[in-house]
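Working notes, beginning with the structure itself.
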Amino acid sequence: MTKSPREDVIRCEGIWKIFGDKSRQAMDAVRSEGLSKKEIRDRFDCVVGVQDATFSVGRGEIFCIMGLSGSGKSTLIRHINRLIEPTAGSVIIEGQNVNAMNARDLRAMRAERIGMVFQSMALMPHRTVRENVAFSLEVRGVPEEKRRRVADQAIEAVDLTGWEKRYPDELSGGMQQRVGLARAIAADPTILLMDEPFSALDPLIRKQLQTTFMKLSAELHKTTIFITHDLDEAIRIGDRIAIMKDGVLVQIGTPEQIVTEPADDYVAEFVAGISKLDLVTAGRIMQPLAQYAQAKGPQDTAAWPVAAPGDKLDTLVDLAVGTDHPILIAEAGVPLGVVTKRALLRGIQGREDSNQPQAEAV
Amino acid sequence: MDKTFDWLNPFASIDLGIGKWADGIKGWAMSNRSVIQPLKNFFEGVIVRIESALQAVPPVIMLLLLVLIAWQAAGRRVAILVFCCLVILGLLAPDAWSLAMTTLAIVIASVLLCVIIGLPLGILAGKSDRFEAGVRPVLDTMQTIPAFVYLVPVVMMIGIGNVSGVIVTIIFALPPLVRLTSLGIRGVSPAVVEAARAFGATPRQILFKVELPLATPTILAGLNQTIMLSLSMVVIASMISVKGLGNEVLRAMGRLDAGKAIVGGLGIVMLAIVLDRITQGLGRSGRERGHRHWWESGPVGLVTALIKRN
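Protein chains in written order, with this note's numbering: chain A, 205 to 566; chain B, 173 to 482.
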């Protein structure tokens, strides 16, 4: 899965979570006999929440976990800061095994290195905005003066300056979640855990907050795990996406990989309705230049519009409407391939151009 | 017991001796009076000090003080009501005010002890299902068992007087505080507690910074109930020689003196209304108070505003 040498900030190895009184025995039985979920439920009266989840998240990466409700994504994210103990497997954060930490170290890690945002906001109604934001500093015994300064910075970062002394129930839902976000970044943690942070908000506010979050995330460069049930959101925000179904991570990949190469029918069904315009790149749908020349004869490409392999379909459409020629794909002046109108239209549909001679050399 | 055993009525011929066994406790208590005596003296001292403090304040000053407290805790309208109730109480009889202060001292002592005992028990019951299951039948017993049943053993153990009065009052008045504290703790949103954990709070910090503040309105409702039940025990407590308004009612009953009974009874009611309204005012949530701190309203707010203006 590691494509380039990078530093893993979060590494989850073979995490299992089985809920129920006999979870230990169930886990042993899974190991020795490889029971299915249904067999575990029938024999041990246990429910499998997360099944053998393994993934890693690099520094500064936004890793989205997408799944429908009940797929175990909220259970999985709570293993990262050990709000839930795994039945098997381990979580390693910056080289430290979270599951081996004692209570004091764990609390220090939660307060200083991990910020979390909740779907239900979970703000403390008896505390002002500032007191909420400064909570993680307060529990670490940071002096009042510094707490105030740091909290006000975080509040400014989410555009809530002027609301410091208000109480959460005086704020709208969107503003409340911005307080949640400020609380998560106040202690300047390395990791952000976002548990469906924007799901409870209406679409317009959601988009606004996504923008705020992406702006912040680009500035602060935090390693983020972002849970969502909305594929559009995952594609918009995530550097990589993991699709989760019934406790299993079905596929992990970049948004483009997920949309163009779904691992199974479940993922395919999910991505069917997704617009490819901003996702699929020219490099993926182009036909190698040599192959094109073989089929159509030598071409004079001087008048053709030129695009880079990394350009999205949206850009290609803009180029294509201005000309009758196909589009030449070139990188650093070297022509690589051709995108015909036909291939472009099929690409937007998310299908291969069947009339096009297949590229054997891939 | 030479009756033949009757299958249709087996209970008449079985005697497990429970009554005698319970009587044995009484004997034990009487022979261990030397242990109990110092404790009794300590609490007696506390009660006497509270009472003499209340009696030492001139009625008019005390009345103004209570009205100010009511204004601060529950607003202007309640302050006016409290003023009226206290004036009625004072006018009932020449010695009514002094009797009411004696009763108030007993109630304050009982409620203080109820809070000291009940709050930790309630927190434990709110945190642990097993403890809650264990403590619930005990609380049920305390609330339903007729006061006369424990009146005698308590007197045997401790003797008549204020301390016994406080103890029987605690037995009756403690349960709602424990129950509502537990309810309040259980009612705190699990999401908020989880958030506190996620940001590294210790169990202690979660209790004091999250759970107790959020449970406060419910706990104060429990305190209110405890105060009301303490007041309702004053007549029964007067049977074991506790002075005050309750004693007036008891004596009036003995002499069939309806007038005196009304004086005592109405006095208790007036005191109850005053205490009830003040403690209910304490339990209002921040939102109901328009998100102002307590020192930003009432007489304290007025004074600070005046000072700021000058």
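Each residue gets a CB set at the ideal place from its N, CA and C atoms; glycine is no exception. Just so it is clear, the structure is predicted and the values come from calculations on it, not from any experiment.
Query                                                                                                                : Result
Closest Cα partner of I357 of chain B within the set B:L291, B:V321, B:V406, B:L401                                  : B:L291
Near-chain A residues of the stretch 356-381 of chain B (beta-carbon distance less than 8 Å), N- to C-terminal order : S361, A363, V364, E366, A367, A368, R369, A370, F371, G372, A373, T374, Q377, K381
CA-to-CA distance, V343 of chain A to M205 of chain A, given in whole angstroms                                      : The pLDDT assigned to M205 of chain A is 44, lower than 50, so where the model puts this residue is not dependable; a value taken from the coordinates is nonetheless given after this. For M205 of chain A and V343 of chain A, the distance between alpha carbons rounds to 38 Å.
CB of A409 of chain B within 7 Å of CB of V326 of chain B, strictly                                                  : no
Any non-hydrogen atom of the ligand FMN within 6 Å of W193 of chain B CB                                             : By its list of ligands, the structure shown contains no ligand whatsoever, and the ligand FMN lies outside what it can speak to.
Limits of the unbroken beta strand (DSSP E) element including S403 of chain A                                        : Element bounds for S403 of chain A: n/a, residue is neither H nor E.
Cβ-based neighbour list, V225 of chain B, same chain, cut-off 7 Å, excluding 5 preceding and 5 following             : Contrary to the premise, residue 225 of chain B reads as Ala rather than Val in this sequence. Closer than 7 Å at the Cβ level, and outside the excluded window around A225 of chain B, lies no residue.
7 Å Cβ cutoff, M305 of chain A in contact with chain B                                                               : no
Among B:I440, B:D448, B:I252, B:D429, nearest to V407 of chain B - alpha-carbon criterion                            : B:I440
Within 7 Å, strictly: CB atoms of K426 of chain A and L396 of chain A                                                : yes
Cα-Cα separation, M173 of chain B to N204 of chain B                                                                 : Confidence at M173 of chain B is low in this model, with a pLDDT of 47, below 50, so its placement is unreliable and the value that follows should be read with caution. Taking the straight line from one Cα to the other gives about 34 Å.
Under 7 Å from the C-beta of P385 of chain B: neighbouring residues of chain A                                       : H330
Own chain, CB closer than 7 Å to C250 of chain A, minus 5 neighbours either side, in chain order                     : I222, F223, G224, K226, S227, A230, I244
Counted within 10 angstroms of its Cβ, other Cβ atoms place P309 of chain B as buried (16 or more) or exposed        : exposed
Closer than 7 Å to chain A by CB, M173 of chain B                                                                    : Below a pLDDT of 50, predicted positions are generally treated as unreliable, and M173 of chain B, at 47, falls in that range; the measurement from the model is reported next regardless. No - not a single Cβ of chain A is within 7 Å of the one on M173 of chain B.
Within chain B, the residues that L435 of chain A reaches when beta carbons sit closer than 8 Å                      : Under the 8 Å cutoff, chain B gives no residues; its nearest Cβ is about 25 Å from L435 of chain A.
Inter-residue CB distance, G394 of chain B and R351 of chain B (contact presumed, cutoff 8 Å)                        : 7 Å
Coil, strand or helix - W269 of chain B by DSSP                                                                      : helix
Contact set for V254 of chain A: own chain, Cβ-Cβ below 7 Å, skip 5 residues either direction                        : I219, W220, K221, G276, T279, L280, G451
Interface residues of chain B facing A315 of chain A [CB-CB closer than 7 Å]                                         : F371, G372
Where D178 of chain B falls: helix, strand or coil (DSSP)                                                            : coil
Top-ranked residue by Cα proximity to I284 of chain A, from A:G274, A:Q357, A:Q300                                   : A:Q300
With 16 other Cβ atoms within 10 Å as the buried cut-off, status of W200 of chain B                                  : exposed
Delimiting residues of the alpha helix (DSSP H) encompassing L323 of chain B                                         : 319-330
A404 of chain A at chain B interface by Cβ criterion, 7 Å                                                            : no
Paired residues, beta bridge with F474 of chain A - DSSP                                                             : According to DSSP, F474 of chain A bridges with nothing at all.
Burial state of Y496 of chain A, where buried means 16 or more other Cβ atoms lie within 10 Å                        : buried
Supposed close pair V484 of chain A, L523 of chain A - CB separation, criterion 8 Å                                  : The pair is not a contact, with the Cβ atoms about 15 Å apart (cut-off 8 Å).
For M234 of chain B, the first and last residue of its enclosing alpha helix (DSSP H)                                : 231-246
Exposure label - F248 of chain A; buried when at least 16 CB within 10 Å                                             : buried
Beta-carbon gap between T274 of chain B and K415 of chain B smaller than 7 Å                                         : yes
Beta strand (DSSP E) segments (min. 3 residues) lying fully within the stretch 394-440 of chain A                    : 395-399, 427-432
Within chain B, the residues that A326 of chain A reaches when beta carbons sit closer than 8 Å                      : S361, A363, V364, E366, A367
I447 of chain A: first and last residue of the uninterrupted alpha helix (DSSP H) it sits in                         : From DSSP, I447 of chain A is part of no alpha helix (DSSP H) but of the beta strand (DSSP E) over 444-449.
For K500 of chain A, the first and last residue of its enclosing alpha helix (DSSP H)                                : 493-500
Burial state of K480 of chain A (16 or more Cβ within 10 Å)                                                          : buried
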